[in-house]
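Student: Numbering (the working numbering), first residue to last: 506 to 602. Every residue gets a Cβ at the ideal spot worked out from N, C-alpha and C, and that includes glycine. Okay, here's the structure, questions in a sec.
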């Protein structure tokens with residue numbers, strides 16, 4: 506079965522307040538088996554537009570990635586995130602050869 510991924514590009518407006526989002530989202534990520542592959546870090550924007558923070562999270566399946574996003578725990582975190590950041594988030598099914 507192909508894995509599922511969150512790909513997020515975010516500009517954080519208030520880094521201190523954004524910590525509340527991270528803490529609030531943690532239980533949803535743990536419950537749904539999220540594994541962070543990219544969380545910030547150095548990057549080179551070679552084409553198109555970019556944002557200051559990039560995140561890639563792996564889940565066991567596309568369905569699990571969607572379930573995490575739609576969970577009450579993550580929706581509570583999202584309410585915090587959207588107050589203190591602007592971003593793009595997509596959920597995509599991985600390639601399974």
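Below 6 Å CB to CB, which residues in the same chain sit around residue 589 once its five sequence neighbours on both sides are set aside?
Tutor: For the purposes of this step, residue 589 is identified with residue 84 of the chain shown, where counting begins at 1. For residue 589, where only same-chain residues beyond five positions count, the Cβ hits under 6 Å are 518, 519, 522, 523.
Student: Could you give the C-beta distance for residue 613 and residue 513, rounded to a whole number, given that I count them as a contact under 8 Å?
Tutor: The structure shown has nothing for residue 613, since the chain only spans 506 to 602.
Student: Here's a check: name, in chain order, each residue in its chain whose Cβ is nearer than 7 Å to the Cβ of residue 598, leaving out the five neighbours to either side.
Tutor: The residue you call residue 598 lines up with position 93 of the chain shown. Excluding residues within five positions, the ones whose Cβ falls inside 7 Å are 507, 509, 567.
Student: Along the beta strand (DSSP E) that carries residue 516, what are the first and last residues, could you check?
Tutor: Within the chain shown, residue 516 is the residue found at index 11, counting from 1. Per DSSP, residue 516 belongs to the beta strand (DSSP E) from 509 to 517.
Student: Let me know if residue 586 comes out buried or exposed under the rule of 16 or more other beta-carbons within 10 Å of its beta-carbon.
Tutor: In the chain shown, residue 586 corresponds to position 81, counting from 1. That one is buried.
Student: How would you write the range of the beta strand (DSSP E) that residue 552 sits in, first residue to last?
Tutor: Counting from one through the chain shown, the residue named residue 552 turns up at place 47. Unbroken run through residue 552: none, as it is neither H nor E.
Student: Using only the alpha-carbon positions, how far apart do residue 577 and residue 552 sit?
Tutor: One-based indexing of the chain shown puts residue 577 at position 72. One-based indexing of the chain shown puts residue 552 at position 47. Cα to Cα, residue 577 sits roughly 36 Å from residue 552.
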